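J.: Submitted below is the structure of interest, expressed as C-alpha coordinates.
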Amino acid sequence: MKQRSKFAAIFNRLAKQFAAKLAWRYPQLYLNLLIKLVLRRSPYFKLIEECRVLDQVPKASSATIPARPKGRGRKILYVIHWYELSGAELFALHYMKYAKQLGHICFCISTVPSMNGEKSAFKKYCQEALIFNDVGGSIQFQEFVADFIEKNHIDTIHIHHSALMYAALPKLRKQFPGLWVIDTTHIVEYLSGGFPQLSAIYSPHIDIHNVASKGLMQAQRQMFKQEYGQEIDIRKFVLTYTSSLTDAVLDESWNEEQSLKVITFYGRLALQKQPSIFIETIERLVERNSELSVEAHIYGEGELRDGLITRISKSIFIDRILFKGRCDNKQKIFKDTSILFLPSLNEGLSFTSFEAVIHNRLVVSSDVGDQCELLSDECLIPFNQDFIEEAVARLANFLNDRQAYLRALNKCRDKLETIRRNEISFEVIERLYS
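In the working numbering, the protein residues as written are 381 to 814.
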(Lines of atoms letter the chains of each structure in order from A and count residues from 1; the text may use other names and numbers.)
(Lines give C-alpha, C1' and ligand atoms only; values in the text may rest on other atoms or scores of the structure.)
Protein backbone atom coordinates (compact mmCIF):
# COMPACT_ATOMS: atom_id res chain seq x y z
CA MET A 1 0.00 0.00 0.00
CA LYS A 2 2.78 2.42 0.92
CA GLN A 3 4.63 1.52 -2.29
CA ARG A 4 1.49 2.31 -4.31
CA SER A 5 1.09 5.62 -2.46
CA LYS A 6 4.71 6.45 -3.21
CA PHE A 7 4.23 5.86 -6.96
CA ALA A 8 1.00 7.88 -6.90
CA ALA A 9 2.79 10.78 -5.23
CA ILE A 10 5.58 10.66 -7.84
CA PHE A 11 3.05 10.56 -10.70
CA ASN A 12 1.10 13.51 -9.26
CA ARG A 13 4.29 15.52 -8.86
CA LEU A 14 5.34 14.86 -12.47
CA ALA A 15 1.86 15.70 -13.74
CA LYS A 16 1.93 19.01 -11.89
CA GLN A 17 5.36 19.83 -13.27
CA PHE A 18 4.17 19.14 -16.83
CA ALA A 19 1.00 21.21 -16.31
CA ALA A 20 3.04 24.11 -14.91
CA LYS A 21 5.43 24.11 -17.91
CA LEU A 22 2.49 24.02 -20.32
CA ALA A 23 0.74 26.84 -18.45
CA TRP A 24 3.80 29.13 -18.58
CA ARG A 25 4.60 28.48 -22.26
CA TYR A 26 1.18 28.07 -23.83
CA PRO A 27 -1.45 29.54 -21.48
CA GLN A 28 -4.33 29.44 -23.96
CA LEU A 29 -3.65 25.79 -24.88
CA TYR A 30 -3.35 24.97 -21.19
CA LEU A 31 -6.70 26.67 -20.54
CA ASN A 32 -8.42 24.82 -23.39
CA LEU A 33 -7.12 21.42 -22.22
CA LEU A 34 -8.01 22.17 -18.62
CA ILE A 35 -11.61 22.87 -19.53
CA LYS A 36 -11.91 19.90 -21.89
CA LEU A 37 -10.10 17.25 -19.82
CA VAL A 38 -10.94 18.34 -16.26
CA LEU A 39 -13.94 20.63 -15.90
CA ARG A 40 -16.24 19.08 -18.49
CA ARG A 41 -15.57 15.62 -17.07
CA SER A 42 -16.02 16.61 -13.45
CA PRO A 43 -19.40 15.78 -11.86
CA TYR A 44 -18.49 18.13 -9.01
CA PHE A 45 -17.99 21.14 -11.30
CA LYS A 46 -21.53 20.63 -12.57
CA LEU A 47 -22.80 20.05 -9.02
CA ILE A 48 -21.37 23.38 -7.87
CA GLU A 49 -23.12 25.22 -10.71
CA GLU A 50 -26.42 23.55 -9.88
CA CYS A 51 -26.09 24.41 -6.19
CA ARG A 52 -25.64 28.13 -6.78
CA VAL A 53 -29.38 28.81 -6.97
CA LEU A 54 -29.16 30.45 -3.57
CA ASP A 55 -32.87 31.17 -3.15
CA GLN A 56 -33.43 27.44 -2.90
CA VAL A 57 -31.03 27.02 0.01
CA PRO A 58 -32.80 26.78 3.38
CA LYS A 59 -31.67 29.31 5.97
CA ALA A 60 -29.11 27.98 8.45
CA SER A 61 -27.58 29.82 11.36
CA SER A 62 -26.36 29.24 14.90
CA ALA A 63 -29.99 29.15 16.02
CA THR A 64 -30.49 25.77 14.32
CA ILE A 65 -27.75 23.95 16.25
CA PRO A 66 -29.01 20.73 17.92
CA ALA A 67 -29.20 20.79 21.70
CA ARG A 68 -26.16 19.82 23.77
CA PRO A 69 -25.83 19.93 27.56
CA LYS A 70 -24.37 23.31 28.52
CA GLY A 71 -20.83 23.41 29.80
CA ARG A 72 -17.79 25.60 30.27
CA GLY A 73 -14.17 24.66 29.93
CA ARG A 74 -14.65 22.20 27.08
CA LYS A 75 -11.53 20.34 25.99
CA ILE A 76 -11.48 20.81 22.24
CA LEU A 77 -9.20 18.91 19.87
CA TYR A 78 -8.72 20.65 16.51
CA VAL A 79 -7.52 18.27 13.81
CA ILE A 80 -6.15 20.28 10.89
CA HIS A 81 -4.36 19.81 7.57
CA TRP A 82 -1.04 21.43 8.51
CA TYR A 83 0.47 24.37 10.40
CA GLU A 84 0.34 26.83 7.52
CA LEU A 85 -1.91 29.86 7.28
CA SER A 86 -3.94 29.24 4.15
CA GLY A 87 -7.71 29.82 4.32
CA ALA A 88 -8.80 26.69 6.21
CA GLU A 89 -6.05 26.90 8.81
CA LEU A 90 -6.60 30.64 9.32
CA PHE A 91 -10.25 29.88 9.98
CA ALA A 92 -9.30 27.17 12.50
CA LEU A 93 -6.95 29.58 14.25
CA HIS A 94 -9.79 32.08 14.52
CA TYR A 95 -12.00 29.47 16.22
CA MET A 96 -9.22 28.63 18.67
CA LYS A 97 -8.82 32.28 19.57
CA TYR A 98 -12.54 32.67 20.35
CA ALA A 99 -12.71 29.34 22.17
CA LYS A 100 -9.79 30.18 24.45
CA GLN A 101 -11.30 33.56 25.30
CA LEU A 102 -14.50 31.77 26.34
CA GLY A 103 -12.57 29.55 28.75
CA HIS A 104 -12.27 26.39 26.67
CA ILE A 105 -8.99 24.41 26.53
CA CYS A 106 -7.65 23.85 23.02
CA PHE A 107 -5.40 21.14 21.57
CA CYS A 108 -4.30 20.73 17.96
CA ILE A 109 -2.96 17.94 15.73
CA SER A 110 -1.82 18.36 12.12
CA THR A 111 -2.14 15.35 9.83
CA VAL A 112 -0.36 16.23 6.57
CA PRO A 113 3.43 16.66 6.32
CA SER A 114 4.62 20.17 5.52
CA MET A 115 7.20 22.72 6.62
CA ASN A 116 4.73 23.64 9.40
CA GLY A 117 6.11 27.15 9.29
CA GLU A 118 3.25 28.71 11.24
CA LYS A 119 3.09 26.25 14.15
CA SER A 120 3.98 29.00 16.64
CA ALA A 121 0.74 30.83 15.77
CA PHE A 122 -1.29 27.78 16.86
CA LYS A 123 0.75 27.18 20.03
CA LYS A 124 -0.37 30.63 21.18
CA TYR A 125 -3.91 29.31 21.71
CA CYS A 126 -3.36 25.58 22.26
CA GLN A 127 -2.17 23.72 25.32
CA GLU A 128 -0.52 21.27 22.92
CA ALA A 129 0.14 21.53 19.16
CA LEU A 130 1.29 18.18 17.79
CA ILE A 131 2.33 16.86 14.37
CA PHE A 132 1.26 13.44 13.08
CA ASN A 133 3.53 12.65 10.18
CA ASP A 134 2.92 8.96 9.43
CA VAL A 135 1.74 9.34 5.84
CA GLY A 136 -1.05 6.91 4.94
CA GLY A 137 -1.08 5.53 8.48
CA SER A 138 -4.83 5.44 9.06
CA ILE A 139 -4.74 2.65 11.63
CA GLN A 140 -1.79 4.21 13.45
CA PHE A 141 -3.61 7.54 13.52
CA GLN A 142 -6.75 5.98 14.99
CA GLU A 143 -4.69 4.51 17.83
CA PHE A 144 -2.76 7.74 18.28
CA VAL A 145 -5.81 10.02 18.44
CA ALA A 146 -7.82 7.60 20.65
CA ASP A 147 -4.97 7.57 23.15
CA PHE A 148 -4.77 11.37 22.99
CA ILE A 149 -8.53 11.76 23.58
CA GLU A 150 -8.47 9.43 26.57
CA LYS A 151 -5.35 10.93 28.12
CA ASN A 152 -6.52 14.55 27.80
CA HIS A 153 -10.24 13.94 28.46
CA ILE A 154 -11.23 15.48 25.13
CA ASP A 155 -14.99 16.03 24.81
CA THR A 156 -15.12 17.96 21.51
CA ILE A 157 -13.43 17.43 18.14
CA HIS A 158 -13.36 20.10 15.45
CA ILE A 159 -12.09 18.92 12.04
CA HIS A 160 -10.53 21.38 9.59
CA HIS A 161 -9.49 19.47 6.45
CA SER A 162 -8.17 16.14 7.73
CA ALA A 163 -8.88 12.96 5.78
CA LEU A 164 -7.33 10.82 8.53
CA MET A 165 -9.69 12.25 11.14
CA TYR A 166 -12.78 11.60 9.01
CA ALA A 167 -11.71 7.98 8.52
CA ALA A 168 -11.24 7.56 12.28
CA LEU A 169 -14.72 8.83 13.22
CA PRO A 170 -16.77 5.59 13.08
CA LYS A 171 -14.46 3.80 15.50
CA LEU A 172 -13.97 6.83 17.77
CA ARG A 173 -17.71 7.48 18.10
CA LYS A 174 -18.17 3.91 19.33
CA GLN A 175 -15.19 4.12 21.65
CA PHE A 176 -16.18 7.56 23.01
CA PRO A 177 -19.99 7.83 22.67
CA GLY A 178 -20.12 11.22 24.43
CA LEU A 179 -17.77 12.87 21.95
CA TRP A 180 -19.13 15.98 20.17
CA VAL A 181 -17.91 16.32 16.56
CA ILE A 182 -17.90 19.44 14.37
CA ASP A 183 -16.29 19.84 10.96
CA THR A 184 -15.60 22.92 8.84
CA THR A 185 -15.41 22.83 5.04
CA HIS A 186 -14.53 25.50 2.49
CA ILE A 187 -14.22 24.27 -1.10
CA VAL A 188 -15.38 21.44 -3.38
CA GLU A 189 -12.55 19.88 -5.40
CA TYR A 190 -13.37 19.04 -9.02
CA LEU A 191 -11.72 15.60 -9.21
CA SER A 192 -12.71 14.03 -5.90
CA GLY A 193 -15.19 16.35 -4.22
CA GLY A 194 -12.53 17.07 -1.60
CA PHE A 195 -13.33 17.52 2.07
CA PRO A 196 -17.03 18.36 1.51
CA GLN A 197 -17.40 14.91 -0.06
CA LEU A 198 -15.71 13.29 2.95
CA SER A 199 -17.90 15.38 5.24
CA ALA A 200 -21.02 14.13 3.47
CA ILE A 201 -19.92 10.47 3.61
CA TYR A 202 -19.10 10.67 7.33
CA SER A 203 -22.07 12.90 8.20
CA PRO A 204 -23.78 10.19 10.32
CA HIS A 205 -20.81 10.47 12.71
CA ILE A 206 -20.78 14.31 12.78
CA ASP A 207 -22.99 16.50 14.97
CA ILE A 208 -22.49 19.89 13.26
CA HIS A 209 -21.42 20.79 9.72
CA ASN A 210 -19.88 24.26 9.67
CA VAL A 211 -19.73 25.64 6.11
CA ALA A 212 -18.17 28.80 4.67
CA SER A 213 -20.84 29.51 2.03
CA LYS A 214 -24.47 28.79 1.21
CA GLY A 215 -23.57 27.01 -2.01
CA LEU A 216 -21.29 24.64 -0.11
CA MET A 217 -24.10 23.76 2.27
CA GLN A 218 -26.31 22.82 -0.65
CA ALA A 219 -23.49 20.86 -2.33
CA GLN A 220 -22.88 18.74 0.78
CA ARG A 221 -26.57 18.00 1.09
CA GLN A 222 -26.62 16.79 -2.52
CA MET A 223 -23.49 14.68 -2.01
CA PHE A 224 -25.11 13.04 1.02
CA LYS A 225 -28.25 12.39 -1.03
CA GLN A 226 -26.19 10.64 -3.72
CA GLU A 227 -24.62 8.46 -1.03
CA TYR A 228 -27.60 7.73 1.25
CA GLY A 229 -30.72 8.64 -0.75
CA GLN A 230 -31.76 11.61 1.38
CA GLU A 231 -30.47 15.08 2.25
CA ILE A 232 -28.68 16.03 5.46
CA ASP A 233 -31.00 17.61 8.03
CA ILE A 234 -30.64 21.37 7.62
CA ARG A 235 -30.44 21.73 11.42
CA LYS A 236 -26.96 20.20 11.32
CA PHE A 237 -25.54 23.17 9.40
CA VAL A 238 -23.95 26.35 10.70
CA LEU A 239 -23.02 29.00 8.14
CA THR A 240 -20.06 31.23 9.02
CA TYR A 241 -18.42 33.31 6.31
CA THR A 242 -14.68 33.97 6.50
CA SER A 243 -15.23 37.73 6.14
CA SER A 244 -14.74 38.10 9.90
CA LEU A 245 -11.12 36.93 9.65
CA THR A 246 -9.94 40.34 8.48
CA ASP A 247 -9.49 43.25 10.89
CA ALA A 248 -9.55 45.78 8.05
CA VAL A 249 -11.27 49.12 8.61
CA LEU A 250 -12.38 51.09 5.58
CA ASP A 251 -10.54 54.35 4.97
CA GLU A 252 -12.95 56.60 3.05
CA SER A 253 -10.04 58.52 1.52
CA TRP A 254 -9.42 55.41 -0.57
CA ASN A 255 -12.43 56.41 -2.67
CA GLU A 256 -10.20 58.77 -4.62
CA GLU A 257 -9.29 57.58 -8.10
CA GLN A 258 -5.64 56.61 -8.58
CA SER A 259 -3.56 57.98 -11.46
CA LEU A 260 -1.51 54.76 -11.76
CA LYS A 261 -3.84 51.78 -12.18
CA VAL A 262 -2.59 48.66 -10.39
CA ILE A 263 -4.03 45.19 -11.02
CA THR A 264 -3.04 42.86 -8.20
CA PHE A 265 -2.58 39.11 -7.89
CA TYR A 266 -2.49 38.08 -4.24
CA GLY A 267 -2.36 34.42 -3.22
CA ARG A 268 -0.50 31.13 -3.37
CA LEU A 269 1.70 30.67 -6.43
CA ALA A 270 0.02 27.40 -7.36
CA LEU A 271 -1.77 25.98 -10.39
CA GLN A 272 -5.16 26.44 -8.72
CA LYS A 273 -4.62 30.21 -8.58
CA GLN A 274 -3.32 30.33 -12.19
CA PRO A 275 -0.64 33.04 -12.13
CA SER A 276 0.19 32.11 -15.75
CA ILE A 277 -3.31 33.17 -16.84
CA PHE A 278 -2.90 36.37 -14.83
CA ILE A 279 0.30 37.32 -16.68
CA GLU A 280 -1.11 36.43 -20.11
CA THR A 281 -4.17 38.60 -19.41
CA ILE A 282 -2.06 41.54 -18.28
CA GLU A 283 0.14 41.34 -21.37
CA ARG A 284 -2.87 41.43 -23.70
CA LEU A 285 -4.43 44.26 -21.69
CA VAL A 286 -1.31 46.44 -21.86
CA GLU A 287 -0.72 45.67 -25.54
CA ARG A 288 -4.23 46.75 -26.53
CA ASN A 289 -4.59 49.73 -24.15
CA SER A 290 -1.37 51.67 -24.57
CA GLU A 291 -3.05 54.82 -23.28
CA LEU A 292 -3.60 53.24 -19.85
CA SER A 293 -1.07 53.86 -17.11
CA VAL A 294 -1.28 50.37 -15.62
CA GLU A 295 0.97 47.98 -13.68
CA ALA A 296 0.51 44.45 -12.38
CA HIS A 297 1.69 43.58 -8.87
CA ILE A 298 2.06 39.92 -7.89
CA TYR A 299 2.18 39.00 -4.19
CA GLY A 300 2.62 35.48 -2.88
CA GLU A 301 4.83 32.46 -2.51
CA GLY A 302 4.59 28.82 -3.49
CA GLU A 303 5.86 26.08 -5.77
CA LEU A 304 5.47 28.16 -8.95
CA ARG A 305 7.68 31.00 -7.71
CA ASP A 306 10.73 30.17 -9.87
CA GLY A 307 8.58 29.61 -12.95
CA LEU A 308 6.85 32.92 -12.34
CA ILE A 309 10.12 34.85 -12.11
CA THR A 310 11.40 33.22 -15.31
CA ARG A 311 8.14 34.00 -17.13
CA ILE A 312 8.22 37.67 -16.10
CA SER A 313 11.85 38.00 -17.20
CA LYS A 314 10.82 36.93 -20.73
CA SER A 315 7.85 39.28 -20.98
CA ILE A 316 8.02 42.24 -23.38
CA PHE A 317 6.22 44.16 -20.62
CA ILE A 318 8.70 43.29 -17.89
CA ASP A 319 8.59 46.90 -16.62
CA ARG A 320 4.81 46.60 -16.08
CA ILE A 321 4.68 43.23 -14.26
CA LEU A 322 6.28 43.38 -10.81
CA PHE A 323 6.78 40.37 -8.55
CA LYS A 324 6.59 41.59 -4.95
CA GLY A 325 6.98 38.26 -3.13
CA ARG A 326 5.30 37.62 0.18
CA CYS A 327 3.78 40.61 1.95
CA ASP A 328 1.66 40.43 5.10
CA ASN A 329 0.89 44.16 5.13
CA LYS A 330 -2.62 43.99 3.68
CA GLN A 331 -3.14 47.72 4.22
CA LYS A 332 -0.25 48.50 1.88
CA ILE A 333 -1.24 45.91 -0.72
CA PHE A 334 -4.80 47.12 -1.09
CA LYS A 335 -4.00 50.82 -0.80
CA ASP A 336 -1.83 50.43 -3.93
CA THR A 337 -4.43 48.25 -5.69
CA SER A 338 -7.07 49.36 -8.21
CA ILE A 339 -8.46 45.91 -9.02
CA LEU A 340 -7.78 42.52 -7.45
CA PHE A 341 -7.82 40.01 -10.32
CA LEU A 342 -8.42 36.34 -9.42
CA PRO A 343 -8.25 34.01 -12.46
CA SER A 344 -8.50 30.93 -10.23
CA LEU A 345 -9.38 27.49 -11.50
CA ASN A 346 -11.33 26.90 -8.31
CA GLU A 347 -12.29 28.76 -5.15
CA GLY A 348 -14.72 28.29 -2.31
CA LEU A 349 -15.52 31.87 -1.41
CA SER A 350 -12.15 33.58 -1.50
CA PHE A 351 -11.00 35.27 1.71
CA THR A 352 -8.89 37.59 -0.43
CA SER A 353 -12.08 38.79 -2.15
CA PHE A 354 -13.52 39.74 1.23
CA GLU A 355 -10.35 41.63 2.11
CA ALA A 356 -10.42 43.61 -1.14
CA VAL A 357 -14.08 44.62 -0.89
CA ILE A 358 -13.70 45.59 2.77
CA HIS A 359 -10.75 47.77 1.66
CA ASN A 360 -13.04 49.38 -0.95
CA ARG A 361 -11.34 47.70 -3.89
CA LEU A 362 -13.05 45.98 -6.80
CA VAL A 363 -12.52 42.27 -7.47
CA VAL A 364 -12.65 40.70 -10.94
CA SER A 365 -12.74 36.93 -10.63
CA SER A 366 -13.34 33.72 -12.53
CA ASP A 367 -16.93 32.64 -11.93
CA VAL A 368 -16.09 29.54 -9.90
CA GLY A 369 -17.09 28.09 -6.54
CA ASP A 370 -19.27 30.45 -4.55
CA GLN A 371 -17.66 33.74 -5.56
CA CYS A 372 -21.12 34.86 -6.69
CA GLU A 373 -22.24 35.14 -3.05
CA LEU A 374 -20.01 38.22 -2.66
CA LEU A 375 -19.26 39.50 -6.17
CA SER A 376 -21.74 41.08 -8.59
CA ASP A 377 -22.34 39.68 -12.08
CA GLU A 378 -20.13 42.35 -13.69
CA CYS A 379 -17.17 41.10 -11.65
CA LEU A 380 -17.55 37.43 -12.57
CA ILE A 381 -16.10 35.95 -15.76
CA PRO A 382 -17.31 32.54 -17.01
CA PHE A 383 -14.50 30.01 -16.87
CA ASN A 384 -14.31 28.85 -20.47
CA GLN A 385 -11.98 29.05 -23.49
CA ASP A 386 -12.74 32.76 -23.89
CA PHE A 387 -11.80 33.60 -20.31
CA ILE A 388 -8.61 35.56 -21.07
CA GLU A 389 -10.23 37.68 -23.79
CA GLU A 390 -13.25 38.44 -21.63
CA ALA A 391 -11.00 39.31 -18.67
CA VAL A 392 -9.08 41.79 -20.81
CA ALA A 393 -12.35 43.46 -21.83
CA ARG A 394 -13.73 43.63 -18.26
CA LEU A 395 -10.51 44.98 -16.78
CA ALA A 396 -10.19 47.63 -19.50
CA ASN A 397 -13.79 48.72 -18.97
CA PHE A 398 -13.41 49.13 -15.21
CA LEU A 399 -10.10 50.98 -15.57
CA ASN A 400 -11.51 53.38 -18.17
CA ASP A 401 -14.97 53.92 -16.69
CA ARG A 402 -14.89 55.11 -13.08
CA GLN A 403 -18.68 55.04 -12.75
CA ALA A 404 -18.87 51.41 -13.91
CA TYR A 405 -16.16 50.59 -11.36
CA LEU A 406 -18.07 52.25 -8.50
CA ARG A 407 -21.43 50.72 -9.47
CA ALA A 408 -19.94 47.23 -9.42
CA LEU A 409 -18.09 47.87 -6.15
CA ASN A 410 -21.23 49.19 -4.44
CA LYS A 411 -23.13 46.03 -5.42
CA CYS A 412 -20.37 43.93 -3.84
CA ARG A 413 -20.44 46.05 -0.69
CA ASP A 414 -24.22 45.58 -0.45
CA LYS A 415 -23.71 41.82 -0.64
CA LEU A 416 -21.00 42.06 2.01
CA GLU A 417 -23.43 43.73 4.43
CA THR A 418 -25.80 40.77 4.06
CA ILE A 419 -22.98 38.27 4.45
CA ARG A 420 -21.82 39.84 7.71
CA ARG A 421 -24.98 38.66 9.42
CA ASN A 422 -23.44 35.17 9.34
CA GLU A 423 -19.88 35.75 10.50
CA ILE A 424 -18.05 33.88 13.23
CA SER A 425 -18.78 35.45 16.62
CA PHE A 426 -18.68 34.70 20.34
CA GLU A 427 -22.36 33.74 20.13
CA VAL A 428 -21.69 31.16 17.41
CA ILE A 429 -18.69 29.75 19.30
CA GLU A 430 -20.69 29.44 22.51
CA ARG A 431 -23.43 27.54 20.75
CA LEU A 432 -20.96 25.30 18.88
CA TYR A 433 -18.96 24.25 21.91
CA SER A 434 -20.95 24.96 25.08
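Backbone N, C-alpha and C fix where the C-beta goes; we use that ideal spot for every residue, glycine too. The structure presented is a predicted model; accordingly, all values stated were derived computationally and were not measured.
(1) Determine the direct distance from the alpha carbon of G483 to that of A543, and round the result to whole angstroms.
(2) Can you tell me where the alpha helix (DSSP H) with Y813 in it begins and where it stops?
(3) Would the beta-carbon of F721 fall within 9 Å of that of V744?
(4) Which whole runs of the beta strand (DSSP E) in the stretch 587-659 are 3 residues long or more, in chain order?
(5) Pick out whichever of I612, A650, F524, T644 has its Cα sitting closest to the Cα of I662.
(6) Can you give the beta carbon distance from F731 to T622, rounded, assuming they're within the 8 Å contact cut?
(7) Going by DSSP, what residues sit across from W560 in a beta bridge?
(8) Are the beta-carbon atoms belonging to L684 and L651 less than 9 Å from one another?
(9) Give the single residue among E770, I614, K504 whose Cα lies nearest to the Cα of A599.
(10) In this structure, how does DSSP classify F763 when only helix, strand and coil are distinguished?
(11) Thinking just about the alpha-carbon of each residue, which of I657, R648, E508 is nearest to the one in D708?
(12) According to DSSP, is A395 helix, strand or coil?
(13) When DSSP labels each residue in this structure, what does F512 get in the three-state scheme?
(14) In this structure, does DSSP put L798 in helix, strand or coil?
(15) State the CB to CB distance for the pair F425 and Y570, rounded to an integer number of angstroms; the pair is presumed to be in contact (CB under 8 Å).
(16) Please classify Y570: does DSSP put it in a helix, a strand, or coil?
(17) Tell me the residue span of the beta strand (DSSP E) that contains F487.
T.: For this structure:
(1) For the purposes of this step, residue 543 is taken as the residue at position 163 of the sequence shown. For the purposes of this step, residue 483 is taken as the residue at position 103 of the sequence shown. Each residue's Cα considered, the two are about 29 Å apart.
(2) Working through the sequence shown from its first residue, we reach residue 813 at position 433. Taken as a continuous stretch (DSSP letters only), the alpha helix (DSSP H) holding Y813 covers 806-813.
(3) For the purposes of this step, residue 721 is identified with residue 341 of the sequence shown, where counting begins at 1. For the purposes of this step, residue 744 is identified with residue 364 of the sequence shown, where counting begins at 1. Yes.
(4) 588-591, 617-619, 641-646
(5) In the sequence shown, counting from the first residue as 1, residue 662 sits at position 282. Measuring from the Cα of I662, the nearest candidate turns out to be T644.
(6) Looking up residue 731 in the sequence shown gives position 351. Looking up residue 622 in the sequence shown gives position 242. That belief holds up - the Cβ atoms of F731 and T622 are roughly 5 Å apart, short of 8 Å.
(7) Within the sequence shown, residue 560 is the residue found at index 180, counting from 1. Answer by DSSP bridge pairing, in chain order: T536.
(8) Translated into positions along the sequence shown, residue 684 becomes position 304. Translated into positions along the sequence shown, residue 651 becomes position 271. Cβ distance < 9 Å, so L684 and L651 count as in contact.
(9) Taking the sequence shown and counting its residues from 1, the one referred to as residue 599 is at position 219. That would be I614, whose Cα lies nearest to the Cα of A599.
(10) Position 383 of the sequence shown, counted from the start, is the residue given in the question as residue 763. Three-state DSSP puts F763 in coil, outside helix and strand.
(11) Within the sequence shown, residue 708 is the residue found at index 328, counting from 1. Comparing Cα-Cα distances from D708 to each of I657, R648, E508, the minimum goes to R648.
(12) Taking the first residue of the sequence shown as position 1, residue 395 is located at position 15. In the structure shown, A395 sits in a helix (DSSP, three-state: H, G or I).
(13) Numbered from its first residue, the sequence shown carries residue 512 at position 132. Here F512 sits in coil by DSSP.
(14) Taking the sequence shown and counting its residues from 1, one reaches residue 798 at position 418. The amino acid at residue 798 is misidentified as Leu; the sequence shows Thr. Helix.
(15) Numbered from 1 along the sequence shown, position 45 holds the residue referred to as residue 425. Numbered from 1 along the sequence shown, position 190 holds the residue referred to as residue 570. At roughly 5 Å, the Cβ-Cβ gap stays under 8 Å, so F425 and Y570 are in contact.
(16) Within the sequence shown, residue 570 is the residue found at index 190, counting from 1. Y570: coil per DSSP, three-state reduction.
(17) As a working mapping, residue 487 is identified with position 107 in the sequence shown. Note, F487: beta strand (DSSP E), 485-490.
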